[in-house]
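Below you'll find the structure, written out as C-alpha cells, and then a few comments.
In this note's numbering, the protein residues as written are 14 to 395.
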C-alpha cells in the first residue's frame with residue numbers, strides 16, 4: 014500500500030494537537046465546575062451549621078441546660094390574655110419549653126432536607142473526579158499511541174526513501190546482476206586503493222634511502238674534518254643552523270645553488286672568534302676543499318631529490334585518501350544493494366505495522382471522544 018507520508022504526518026500532528034488541547038480544556042472545565050460545586054457545598058454546610066446551632070439551643074432549653082429569662086413571642090400572642098394566664102401558671106421557663114418543642118419539629122425537618130442536599134452535592138463530585146481521571150488517561154494513552162505512530166511513520170518513510178533512492182539510481186532491480194556489478198566495482202576500487210598504498214610506501218622507502226645517504230655523507234664529513242667539523246664547519250660556515258643555508262643543511266634541504274655560492278675558506282679566515290685556530294683550521298679545510306665541495310654537491314643533489322620525492326609522496330597520499338573515500342562509498346552502495354531485498358521486506362513489514370498502529374489510534378480517539386462527551390454531560394448537570 015502506498016502511503017501519503019506528508020498527509021499522514023499532518024493528520025498525526027492534528028490529532029496530537031487535538032488531544033493536548035482537549036485535555037487542557039476539559040481540565041479547565043472540570044476545575045470550574047468543581048469550584049462552583051464546592052462553593053454551593055460550603056453555602057449548604059454553613060446553612061446546616063446554623064440550623065444545627067439553633068437545634069442545639071432549643072434542646073438546651075428543653076432539657077434545662079439553658080434557662081431563658083424571656084420568651085420571644087409574636088406581639089399578638091404576647092398580648093393575648095390566655096398567654097398571660099399560661100405565663101402565671103407555667104412561668105417563663107415553661108412557656109419557653111413549649112415554644113422550643115413546637116419550633117424543634119420543623120427545624121429538624123429543615124436540617125434533614127439540608128443534609129440531603131449536602132449528600133447530593135457530595136455525590137456529584139465523586140463521579141466527576143472519577144470520569145476526569147478516566148478521560149485524562151484516555152487522552153494520554155492516545156498521545157502515546159500518536160507519538161509511536163509518528164515514530165513508526167518516519168522509520169517507514171526513511172526505509173521507503175532508501176529503496177526509492179536505489180531504484181532511482183539504477184532504474185531497475187535485478188538482484189543477481191546488480192549485486193554482481195556492485196561487488197566487481199568494490200573489488201576494482203580495492204585493487205586501485207592497494208596500488209596507491211603500495212606507491213606511497215615505495216616513495217616513502219625512496220625518501221628514507223635518500224635520507225640515509227645524506228646521513229652517511231654528513232658522517233664522512235664529521236670523521237674526515239674532525240675538530241674542524243664541530244668548531245668551524247658547522248657553527249661558522251652554517252652559523253649553527255640560523256642562516257638560510259644552515260637551516261636547509263639541518264633539514265636535509267640543501268640545494269646545489271647554496272653549495273655553489275658557499276665561500277667556506279673566506280668565512281673561516283675572517284672569523285675573529287677563532288683567533289690562532291683560524292690558520293690551522295683554514296689549512297685543514299683547504300687540504301680537504303675538493304672532498305668537502307664534492308661531498309656537499311652530492312648531499313645537495315640528494316637533498317633536492319629528497320624534496321622532490323617528498324612532494325610526490327604528499328601527492329600520492331592525497332590520491333590514496335581519494336581512493337580510500339571512493340572505496341568507502343562503493344562499499345556503502347554495495348551493502349545497500351545487497352541489503353535491498355531485505356529493505357523491501359522491512360518496508361513491507363513497517364507499512365503493515367503502521368496500518369495496525371493507525372487502527373489502534375482510531376480506536377483510542379473514539380474512546381477519548383466518548384469519555385469527553387460523558388464528562389461534559391456530567392459537568393452540565395452541576
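For each residue, glycine too, the CB sits at the ideal point set by N, CA and C.
Excluding sequence positions up to five away, which residues of its chain have a Cβ less than 7 Å from the Cβ of residue 138?
Here residue 138 is taken as the residue at index 125 of the chain shown, counted from 1. Closer than 7 Å at the Cβ level, and outside the excluded window around residue 138, lie 47 and 50.
8 Å Cβ cutoff met for residue 175 and residue 361:
By 1-based counting over the chain shown, the position of residue 175 is 162. By 1-based counting over the chain shown, the position of residue 361 is 348. It is not a contact, given that the beta carbons lie outside the stated cut-off.
Let me know if residue 242 comes out buried or exposed under the rule of 16 or more other beta-carbons within 10 Å of its beta-carbon.
Position 229 of the chain shown, counted from the start, is the residue given in the question as residue 242. Counting of Cβ neighbours within 10 angstroms places residue 242 among the buried residues, the total reaching 16 or more.
Here's the rule I'm using: 16 or more other beta-carbon atoms within 10 Å means buried, otherwise exposed. How should residue 367 be labelled?
Within the chain shown, numbered from 1, the residue matching residue 367 stands at position 354. Buried is the call here.
For residue 159, count neighbouring C-beta atoms within 10 Å of its own C-beta (all shown protein chains included) and say buried if the count is 16 or more, exposed if not.
As a working mapping, residue 159 is identified with position 146 in the chain shown. Label assigned to residue 159: buried.
From 163, 147, 312 and 296, residue whose alpha carbon lies closest to that of residue 23
Here residue 23 refers to the residue found at position 10 when the chain shown is read from its first residue. Of the candidates 163, 147, 312 and 296, the one whose C-alpha sits nearest the C-alpha of residue 23 is 163.
If residue 220 and residue 319 are in contact, beta carbons under 8 Å, what's the gap, nearest whole angstrom?
As a first step, residue 220 must be located in the chain shown, where it is residue number 207. As a first step, residue 319 must be located in the chain shown, where it is residue number 306. For a cut-off of 8 Å, the C-beta gap from residue 220 to residue 319 is around 6 Å, short enough to register as a contact.
Of the residues 39, 265, 336 and 303, which one's Cα is nearest the Cα of residue 227?
By one-based count along the chain shown, residue 227 stands at place 214. Among 39, 265, 336 and 303, the Cα nearest to that of residue 227 is on 265.
Looking at the unbroken alpha helix (DSSP H) that takes in residue 344, where does it start and where does it end?
Locating residue 344 in the chain shown gives position 331, where the first residue counts as 1. If you look at residue 344, you'll find it in the alpha helix (DSSP H) that goes 302-351.
Which parts of the region 239-264 are runs of the alpha helix (DSSP H), unbroken and 4 residues or longer, counting only runs that do not cross its ends?
257-263, all fully within the region 239-264.
Does DSSP put residue 166 in a helix, in a strand, or in coil?
As a first step, residue 166 must be located in the chain shown, where it is residue number 153. Looking at residue 166 - three-state DSSP - the assignment turns out to be helix.
So the alpha helix (DSSP H) residue 271 belongs to, where does it begin and stop?
Residue 271 sits at position 258 when you count from the first residue of the chain shown. That run of the alpha helix (DSSP H) goes 269-273.
If we count the other Cβ atoms within 10 Å of its Cβ and call it buried at 16 or more, is residue 39 buried or exposed?
For this step, residue 39 is matched to residue 26 along the chain shown. Under this definition residue 39 is a buried residue.
Cβ atoms of residue 203 and residue 351: under 8 Å apart, would you say?
In the chain shown, counting from the first residue as 1, residue 351 sits at position 338. In the chain shown, counting from the first residue as 1, residue 203 sits at position 190. In this structure, residue 351 keeps its C-beta atom at 8 Å or more from the C-beta atom of residue 203.
Taking only three categories from DSSP, how would you classify residue 297?
For this step, residue 297 is matched to residue 284 along the chain shown. Here residue 297 carries a helix assignment [DSSP, helix/strand/coil].
When the Cα atoms are used, what is the spatial distance from residue 376 to residue 25?
Residue mapping note: residue 376 aligns to position 363 of the chain shown, counting from 1. Residue mapping note: residue 25 aligns to position 12 of the chain shown, counting from 1. When rounded, the distance between both Cα atoms is 14 Å.
Spatial neighbours of residue 387 within its chain, please: CB distance less than 7 Å, with the 5 preceding and 5 following residues excluded, ordered by chain position.
Taking the chain shown and counting its residues from 1, one reaches residue 387 at position 374. A distance below 7 Å between beta-carbons, with the five flanking residues on each side excluded, links residue 387 to the following residues of its chain, in chain order: 144.
Residue 172: buried (16+ other C-beta within 10 angstroms of its C-beta) or exposed?
For the purposes of this step, residue 172 is taken as residue 159 along the chain shown, with counting starting at 1. It counts as buried.
Once DSSP output is grouped into helix, strand and coil, what is the label at residue 223?
Translated into positions along the chain shown, residue 223 becomes position 210. Residue 223: helix per DSSP, three-state reduction.
So residue 198 and residue 343 are in contact, right, with Cβ under 8 Å, and what is the actual spacing, rounded?
Here residue 198 corresponds to residue number 185 of the chain shown, with the count starting at 1. Here residue 343 corresponds to residue number 330 of the chain shown, with the count starting at 1. Right, the Cβ-Cβ distance comes to about 5 Å (below 8 Å), so this counts as a contact.
Residue 136 burial status per 10 Å Cβ neighbour count (16 or more: buried)
Here residue 136 is taken as the residue at index 123 of the chain shown, counted from 1. Exposed, since its Cβ has fewer than 16 Cβ neighbours within 10 Å.
Three-state secondary structure (DSSP) of residue 391
Indexing the chain shown from 1 puts residue 391 at position 378. Three-state DSSP puts residue 391 in a helix.
Does chain D have any CB closer than 8 Å to the CB of residue 161?
Among the chains in the structure shown there is no chain D, since it carries only a single protein chain.
Report all residues from its chain with a CB closer than 7 Å to the CB of residue 385; omit the five preceding and five following residues, and keep chain order.
If you number the chain shown from 1, residue 385 lands on position 372. So the qualifying residues of the chain are 35, 39 and 148.
What number of angstroms, rounded off, separates the C-alpha of residue 218 from the C-alpha of residue 170?
Position 205 of the chain shown, counted from the start, is the residue given in the question as residue 218. Position 157 of the chain shown, counted from the start, is the residue given in the question as residue 170. C-alpha of residue 218 to C-alpha of residue 170: approximately 52 Å in a straight line.
Return the CA-CA distance between residue 60 and residue 154, expressed in angstroms with no decimal places.
Translated into positions along the chain shown, residue 60 becomes position 47. Translated into positions along the chain shown, residue 154 becomes position 141. Approximately 43 Å between the Cα atoms of the pair.
Three-state class that DSSP yields for residue 54 in the structure shown
For this step, residue 54 is matched to residue 41 along the chain shown. Helix.
From 223, 309 and 240, pick the residue whose C-alpha is nearest to that of residue 273; which is it?
Here the question's residue 273 lines up with position 260 in the chain shown. For residue 273, the nearest C-alpha among the options comes from 309.
Within 10 angstroms of the Cβ of residue 372, are there 16 or more other Cβ atoms? Answer buried if so, exposed if not.
The sequence position of residue 372 within the chain shown is 359, counting from 1. Taking a 10 Å sphere around the C-beta of residue 372, we find fewer than 16 other C-beta atoms and assign the residue as exposed.
Would you mind sorting residue 19 into buried or exposed? The rule is 16 or more other CB atoms within 10 Å of its CB.
In the chain shown, the residue the question calls residue 19 occupies position 6. Its Cβ having fewer than 16 others within 10 Å, residue 19 is exposed.
C-alpha distance - residue 102 paired with residue 119, whole-angstrom precision:
Counted from its first residue, the chain shown places residue 102 at position 89. Counted from its first residue, the chain shown places residue 119 at position 106. The pLDDT assigned to residue 102 is 49, lower than 50, so where the model puts this residue is not dependable, and the model offers no usable value.
Is DSSP giving residue 375 helix, strand or coil here?
In the chain shown, counting from the first residue as 1, residue 375 sits at position 362. Residue 375 falls in the helix class under three-state DSSP.
Measuring straight from C-alpha to C-alpha, what distance separates residue 129 and residue 55?
Walking along the chain shown from the start, residue 129 turns up at place 116. Walking along the chain shown from the start, residue 55 turns up at place 42. Rounded to whole angstroms, residue 129 to residue 55 spans 14 Å at the Cα level.
How is residue 16 classed by DSSP in three states: helix, strand or coil?
Taking the chain shown and counting its residues from 1, one reaches residue 16 at position 3. DSSP places residue 16 in coil when its eight states are reduced to three.
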